[in-house]
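So the sequences go chain by chain: A, B, C and D.
Here numbering that gives the first Met the number 0 is used: position 49 in the first sequence is 48, and no number is missing along the way.
Here numbering that gives the first Met the number 0 is used: position 81 in the second sequence is 80, and no number is missing along the way.
Here numbering that gives the first Met the number 0 is used: position 60 in the third sequence is 59, and no number is missing along the way.
Here numbering that gives the first Met the number 0 is used: position 30 in the fourth sequence is 29, and no number is missing along the way.
A virtual CB, placed ideally from N, CA and C, is assigned to each residue, including glycine.
Note sheet for the following structure.
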Amino acid sequence: MSPSLNEYLNQFEGHQKVIATVTEVLGFDATGLMTFIVFFTGAFVVVNVMALVGGLGTYAERKISADIQLRQGPNRVGPYGLLQFLADGVKMIMKEDIFPAQADKTLFNLAPLLALIGVFATLAVVPFSSGLTLANLNVGVFYLIGVSSLVGVAVFLGGYSANSKWSMLGGMRGASQIISYEVPVTISILTIVLISGGMSFGSFVGGQGGFPHEWYIFHNPFTFIGFFVFFVGMLAETNRAPFDLPEAESELVSGYHTEYTGMRFGLFALAEYIEVFVLCGVAAAAFLGGYRVPFNLGDGVVFVEKLGLPPIIGKNIGQVLQLGAFLTKTLFLYYVVIWVRWTFPRIRVDQVMTICWKYLTPLALFNLVGVTIWVFAFDGHSIWDVLGHMLSSGSGGGHH
Amino acid sequence: MISLSSYLFISFTLFIAGIAVMIARKNIIAMMLGIELILNSAALNFAAYSRFVNNNLEGHLMSLFIIVIAAAEAAVGLAIVIRFFQIKETIHIDDAAQLQS
Amino acid sequence: MFENTLFFLSATLTIVGAAGVVFSKNLMHACVLLLGSLFGIAGLYATIGADFLAASQLVIYAGGVVILMLFAVMLTGGSADSSNKFGIEKIPGMGSTKTYVIAGFSVLVISFTILKLMANFMKSYKAGELPAFSSTVEEIGTLLVTDHVLAFEISSILLLGALVGAAVIARPRKG
Amino acid sequence: MTAYTLDVYMPVIILMSLAVGLVLVSVFFAQILRPFKPSSLKEQAYECGEDPVGTAWSNFNVRFYVVSLIFIVFDVEGALMFPVAAIFRKFVAIGEGAVLVGSLLVFISVLVFGIIYCWSKGDLDWVRSFQLSDEQVNQLKGIEEKA
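Spelled out as structure tokens, the structure:
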């Protein structure tokens, strides 16, 4: 249904020929080596694109906030200030690296690394398109939940290791907020698992269609609520405003990365921006149809059969369309995340916990029960199928 | 090559490490780290036997329940540690010599 | 080829982490090393085709238990506790060379005895052709609601008990 | 029930090592390029310009623990529910859905009972309100009246 990158490439004759040639030249079976090369190239490209997305994320954040506040935003470095993030990166590398004297130096170094490992490892299962999924694990979304919880540990350790009171408070707040909001997020995803009947992103996206009424968000009323529960939980899990209490400037100076300078701070920020992108991608794949394109244009069969293009070109046009659909949905959600940040005021720390435990979690549990009964009662059909069936049988009854 | 004994060796190492932590440490939280290691070694054994000997998933299920029980154990155990600290201001195991506070 | 890489990476991480838990002086470092060890075990689960188990290990341990441990360390005064030393010398008889010599000797004797006793079993155990990996999620789910449905439901009761009990114990007292 | 090889985990390992590599490379370049002039004032923990008092590694409020406690219970129950949820459609399709609905609802209701208990006992409140006894209320009223 949704093969990994390697399986996708293996269906083309050209790739097989390359493997055969390499095997001949090297004198041993090169399948494993080629698999490694394919995956390494894919991972390298994905990581670089993600770093670019992280960088452009900071730019977009400043530009959009400027737009909302009727300012100009960055406009000096490059056209429209587009290269601002490069200037920021150079600045971060050139900054002096300061270790607080009282800090736990091992953990101080380890915390950004853990955050980055956790975020990069989630990239493996993000379904960019049906061919460009690095690893279509059977336990995809569960694996993603597990690995991304490393970020919580990293936030805690980052706050702990600096031995500064602001950092410590921010770290404790951050860790407890991240783990709290993992509960509604997990339960919301559980409802999607119930409907799609699988835990891999392949089955998530495969169960949806290109048109909005085939998306899981409009599958039934419960998933519609579930999407918003997921989105709010996602904002809190990535420490985005209005849930950015772990780094609240007005109370905690800069939260868990108060004592971080230079590149280490940059790595934390990079991890945060990539995590926002990844979770937006998860929301797009689980609720908004992921990479599905209307009329099944995505699998490229139409281009091959109607336009007479060779399969390799037709299929890749389909892939590009799928990638475009996925990126459109994800970047739209990314825009909404930034928009929310500059629209809502930050909430208080007790409100954070109240929203999570007294509103979102009961709502998510209610959704879970509702979806369970819905799938049981209507055999997994969406509300449109059910309504259509009722209308047709109703009108059919009228005729008789 | 990778066989059952490789996994048994790792699991054995984990078990010994857990026992060593439990014997040698006087800090209750450190001892609980040792308990986690021991439980994990048992879970790893179940899963490894289920792959190499039985070829069914009962072992996986057993490991899953071990993980569940380990989580419950950690929750209750650490709650007791915290309560103990609130009363005695220490988490040294030798100070836990009385039954009532 | 990659199987071996994955296995050796995970095994190294597991054993180094476990050894670190034993030998590290700092409680916080011990917790982080335990996290590494648990990650390694998740990798080992992956090498024996237990994909769901590996993911649960990540979710429950990396996300849950380790954070719980880190919080508990913070709530009991941080890692500045001097009682966390590797105090094997305090146990009677430990720390002297004689003990280690006798221990090594007895380990040899016991392992030879066990090997002799187990020899027949080992001979009869044939490492046959192992089945290919397949997704364990569906089978585990089926087992959970058919053969082991009682364990499934009782584990929820167990967790409820753990939640209530731990909340009662840890709840801050008034006044 | 498709078979797979362990190659599916290759991207995971590659991505993790890329993360390590990125950290090493960036920290290495930063080491070369940046200035390094440590001084005791720079290395102080930031405390709004004052000299730091004591260590930050001290006792924290126990409510952080209670939150993580509730979290871990939900986490584990979620982990147990995931495989059951994944086979739900299949069981409904073969007409055995009622069994699964029953066991899932029992499971969820136990979970709900846990959260109701914690809610009623006030474990979900970040700021706890303490019930004052009648004497204390009267005392407070007396103070008010005097003022």
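- Non-local C-beta neighbours of A53 (chain C) in its own chain, meaning closer than 6 angstroms and more than five positions away in sequence, comprise A41, Y44, A45, ordered along the chain.
- Taking C-beta atoms as the reference points, R347 (chain A) and R239 (chain A) fail to come closer than 8 angstroms.
- For the pair L37 (chain C) and F7 (chain C), the Cα-to-Cα distance works out to about 15 angstroms.
- In the DSSP secondary-structure assignment, H91 (chain B) is bridged to B:N26.
- For S49 (chain B), same chain residues with a beta-carbon under 7 angstroms away, outside a window of 5 residues either side, are N55, L56, E57, G58, H59 in chain order.
- Taking a C-beta distance under 8 angstroms as the contact criterion, F203 (chain A) and A324 (chain A) do not qualify as a contact pair.
- In the DSSP assignment, Y3 (chain D) forms a beta bridge with C:F132.
- Fully enclosed beta strand (DSSP E) runs of no fewer than 3 residues are not present anywhere in the segment 202-229 of chain A.
- Residue environment analysis places Y3 (chain D) among the buried positions, since at least 16 neighbouring C-beta atoms fall within 10 angstroms of its C-beta.
- Distance from the Cα of V277 (chain A) is smallest, within the candidate group A:E246, A:T329, A:G232, A:R345, for A:T329.
- V136 (chain C) has a beta carbon lying within less than 8 angstroms of a beta carbon in chain A.
- The straight-line gap separating the alpha-carbon atoms of I79 (chain B) and V67 (chain B) is approximately 19 angstroms.
- Within the segment 51-118 of chain D, complete beta strand (DSSP E) segments of at least 3 residues are not found at all.
- Per the C-alpha coordinates, the member of A:L296, A:W356, A:S253 positioned closest to S119 (chain D) is A:W356.
- Under the Cβ criterion of 8 angstroms, I273 (chain A) is not counted among the residues facing chain D.
- Among the CB atoms of chain B, none fall inside 8 angstroms of the CB of F111 (chain C).
- Cβ contact annotation for F226 (chain A) (same chain, cutoff 6 angstroms, sequence separation greater than five): I216, F286, in chain order.
- V52 (chain B) sits exposed, since fewer than 16 C-beta atoms from the chains shown fall within 10 Å of its C-beta.
- In the assembly as shown, K164 (chain A) is a buried residue. Its beta-carbon has 16 or more other beta-carbons within 10 Å.
- When Cβ pairs closer than 8 angstroms are counted between the two stretches, the segment 380-391 of chain A is seen not to touch the segment 247-266 of chain A, the count staying below three.
- By the C-beta criterion, the segment 83-101 of chain A is judged not to be in contact with the segment 121-129 of chain A, since fewer than 3 inter-stretch pairs fall below 8 angstroms.
- Nearest to A169 (chain C) by alpha-carbon distance, out of D:S39, D:Q138, D:G121, is D:G121.
- In summary, the residues of the segment 102-124 of chain A whose CB is separated from some CB of chain D by less than 7 angstroms are P111, L112, L115, I116, F119, A120, L122, A123, in the order they occur in the chain.
- A161 (chain C) is positioned such that its CB atom lies no closer than 8 angstroms to that of V20 (chain B).
- Collapsing the DSSP output to three states places V31 (chain C) in a helix.
- Of the other Cβ atoms in all chains shown, 16 or more fall within 10 Å of the Cβ of R172 (chain A); this residue is therefore buried.
- At least one C-beta of chain C is nearer than 8 angstroms to the C-beta of F155 (chain A).
- At a cut-off of 8 angstroms between beta carbons, A47 (chain B) makes no contact with chain D.
- Going by DSSP, R340 (chain A) is part of the alpha helix (DSSP H) stretching over 310-340.
- Listed by position along chain C, the residues whose Cβ is nearer than 8 angstroms to that of N53 (chain B) form an empty set, because the closest Cβ is around 11 angstroms away.
- Note on geometry: alpha-carbon atoms of Y358 (chain A) and N366 (chain A) lie some 12 angstroms from one another.
- Using a CB distance cut-off of 8 angstroms, I28 (chain B) does not count as an interface residue toward chain D.
- By the CB criterion at 8 angstroms, I90 (chain B) and I15 (chain B) fall outside the cutoff.
- For I47 (chain C), no alpha helix (DSSP H) run applies, since DSSP gives it neither H nor E.
- Note on S110 (chain C): under 16 other CB atoms within 10 angstroms of its CB, so exposed under the neighbour-count rule.
- In this structure, the straight-line span from the alpha carbon of F230 (chain A) to that of P293 (chain A) is close to 24 angstroms.
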